[in-house]
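Enquirer: Supplied in structure tokens, the structure appears directly below.
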DNA sequence: AACACTCTTTACGTTAACGTAAACGTCATC
DNA sequence: GATGACGTTTACGTTAACGTAAAGAGTGTT
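Chains as they are written, first to last, in this note's numbering: chain X, 2 to 133; chain P, 2 to 133.
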């Protein structure tokens, strides 16, 4: 786990992140408003760390699979939840399994839908041959 | 494709479907209000066909993977879109491929998230051994 | 007839996730 | 010192997907 720890202290402005992820600055401020990220300040200006940037990336990934922001954050927080307490570990494990069950159901639904689209595509091809 | 055509003419009341799918009757009427299903009537009462029922099932599957109702219906309508016209077939094929690309991206995101959860679970196990 | 259901329409309320606009602060630059 | 470019706060607006409540119709039961 020992990394070279090069430049973890990189910083970003709001417009940089906005452009990189193709989201509005309003969206980024909204995430902060909801407590999902907590950038530092240089006077009034917000300064985002590499960790903030990663959180945004993960939130957006969650969005793409249809999770709400709260759900995404809930999952993300599992990653670095160092609840050393044994009871906390247990409840964390339970939550992880619940999430995984839901995500696996999602994957089944996704696969069904994909194979249905495959069928449509094949039917289309055949029809094209018939027509042409 | 010749099926035995047993009882395709089955009918359902709104409360039957509501219970079967564990959604409210309001939701079912809402779907109709939006034009996603068009049940017949017995006087005032709505009567749902097997096809209506299937559409609801597919809409709900779409919901589970995070699609909007409009998106779900858009995909569902691809299934029985018998656009015999060659140009229509072509544009349908394009739309099918677009959808599939998005769904495949979704599956990648899903798989990443699942493997991240696997990691969390393993870390938890190790921590449990350390603690106990 | 009175009730109990199930269904109907109409309509206002709610939450999430932002969009949009107004009004202002801070630098650099022309 | 005015003009941009970029940032800030505050606040009202918007859409999707229903929830919830009110008031009534139809059908069967006691």
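For each residue, glycine too, the CB sits at the ideal point set by N, CA and C.
Residues of chain X with CB under 8 Å from residue 85 of chain P, in chain order?
Expert: Against the second chain, residue 85 of chain P aligns to sequence position 84. Here the neighbours are 128 and 132.
Enquirer: Just the C-alpha distance for residue 5 of chain X and residue 52 of chain X, rounded to the nearest angstrom, thanks.
Expert: Locating residue 5 of chain X in the first chain gives position 4, where the first residue counts as 1. Locating residue 52 of chain X in the first chain gives position 51, where the first residue counts as 1. Unreliable placement is indicated for residue 5 of chain X, whose pLDDT of 49 sits below 50; the coordinate value is still reported in the next sentence. Roughly 17 Å separates the two Cα atoms.
Enquirer: Under 9 Å, do residue 121 of chain P and residue 79 of chain X count as touching if we go by C-beta distance?
Expert: Stepping through the second chain from its first residue, residue 121 of chain P is reached at position 120. Stepping through the first chain from its first residue, residue 79 of chain X is reached at position 78. Going by C-beta atoms, residue 121 of chain P is nearer than 9 Å to residue 79 of chain X.
Enquirer: Suppose only complete runs of 3+ residues qualify. What are the beta strand (DSSP E) ranges in the stretch 52-76 of chain P, listed by chain order?
Expert: Within the stretch 52-76 of chain P, no complete beta strand (DSSP E) run reaches 3 residues.
Enquirer: With DSSP as the reference, label residue 11 of chain P as helix, strand or coil.
Expert: Within the second chain, numbered from 1, the residue matching residue 11 of chain P stands at position 10. In this structure, residue 11 of chain P counts as coil in the three-state DSSP scheme.
Enquirer: Kindly list, in the order they appear in chain X, the residues whose Cβ is closer than 7 Å to that of residue 110 of chain P.
Expert: For the purposes of this step, residue 110 of chain P is taken as residue 109 along the second chain, with counting starting at 1. Those within 7 Å of residue 110 of chain P in chain X are 62, 65 and 66.
Enquirer: Measure from the alpha carbon of residue 104 of chain P to the alpha carbon of each residue in P/119, P/65 and P/129, then state which is nearest.
Expert: The residue labelled residue 104 of chain P in the question sits at position 103 within the second chain. The option with the nearest alpha carbon to residue 104 of chain P is P/65.
Enquirer: May I ask you to list the residues that DSSP assigns as paired with residue 47 of chain X?
Expert: Reading the first chain from its first residue, position 46 is the one you call residue 47 of chain X. X/42, per the DSSP bridge assignment.
Enquirer: Residues of chain X with CB closer than 7 Å to the CB of residue 101 of chain P, please, in chain order.
Expert: Position 100 of the second chain holds residue 101 of chain P. Neighbours of residue 101 of chain P on chain X, chain order: 115 and 118.
Enquirer: I want to see whether chain X comes within less than 9 Å of residue 57 of chain P, judged by CB atoms only; does it?
Expert: The residue given as residue 57 of chain P occupies position 56 in the second chain. Answer no: the Cβ-Cβ gap between residue 57 of chain P and chain X never drops below 9 Å.
Enquirer: At a cut of 8 Å, does the stretch 29-36 of chain P reach the stretch 13-21 of chain P through at least three beta carbon pairs?
Expert: These segments touch.
Enquirer: Classify residue 95 of chain P as helix, strand or coil using the three-state DSSP reduction.
Expert: Residue mapping note: residue 95 of chain P aligns to position 94 of the second chain, counting from 1. Note: residue 95 of chain P maps to helix in three-state DSSP.
Enquirer: Would you call the stretch 49-63 of chain X and the stretch 93-112 of chain X touching, i.e. three or more CB-CB distances under 8 Å?
Expert: Counting Cβ pairs under 8 Å, fewer than three are found: no touch.
Enquirer: What does residue 121 of chain P touch in chain X if you count any residue whose Cβ is under 7 Å from its own?
Expert: The residue labelled residue 121 of chain P in the question sits at position 120 within the second chain. Simply 79, 80 and 97.
Enquirer: Could you tell me whether the Cβ of residue 70 of chain X comes closer than 9 Å to any Cβ of chain P?
Expert: Taking the first chain and counting its residues from 1, one reaches residue 70 of chain X at position 69. No, its Cβ sits nowhere closer than 9 Å to a Cβ of chain P.
Enquirer: Assuming residue 67 of chain X contacts residue 36 of chain P under a Cβ cut-off of 8 Å, what Cβ separation, rounded to an integer in Å, is found between them?
Expert: Here the question's residue 67 of chain X lines up with position 66 in the first chain. Here the question's residue 36 of chain P lines up with position 35 in the second chain. Not quite, the Cβ-Cβ distance comes to about 23 Å (not below 8 Å), so this is no contact.
Enquirer: So for residue 29 of chain P, helix, strand or coil by DSSP?
Expert: For the purposes of this step, residue 29 of chain P is taken as the residue at position 28 of the second chain. Three-state DSSP puts residue 29 of chain P in a helix.
Enquirer: Answer yes if the stretch 105-117 of chain P comes into contact with the stretch 107-126 of chain X, meaning at least three C-beta pairs across the two stretches below 8 Å, and no otherwise.
Expert: Touching, yes, given that three or more Cβ pairs across the two stretches are closer than 8 Å.
Enquirer: Between residue 11 of chain P and residue 81 of chain P, what straight-line distance do the alpha-carbon atoms span, to the nearest angstrom?
Expert: For this step, residue 11 of chain P is matched to residue 10 along the second chain. For this step, residue 81 of chain P is matched to residue 80 along the second chain. About 20 Å.
Enquirer: In chain P, which residues lie less than 7 Å from residue 24 of chain X when you measure between Cβ atoms?
Expert: To locate residue 24 of chain X, count along the first chain from 1; it is residue 23. Those do not exist, as residue 24 of chain X stays about 16 Å from chain P at its closest Cβ, beyond 7 Å.
Enquirer: Enumerate in chain order the residues of its own chain whose CB-to-CB distance from residue 22 of chain X is below 8 Å, with the five nearest sequence positions on each side excluded.
Expert: Counting from one through the first chain, the residue named residue 22 of chain X turns up at place 21. Cβ within range, chain order: 57, 58 and 61.
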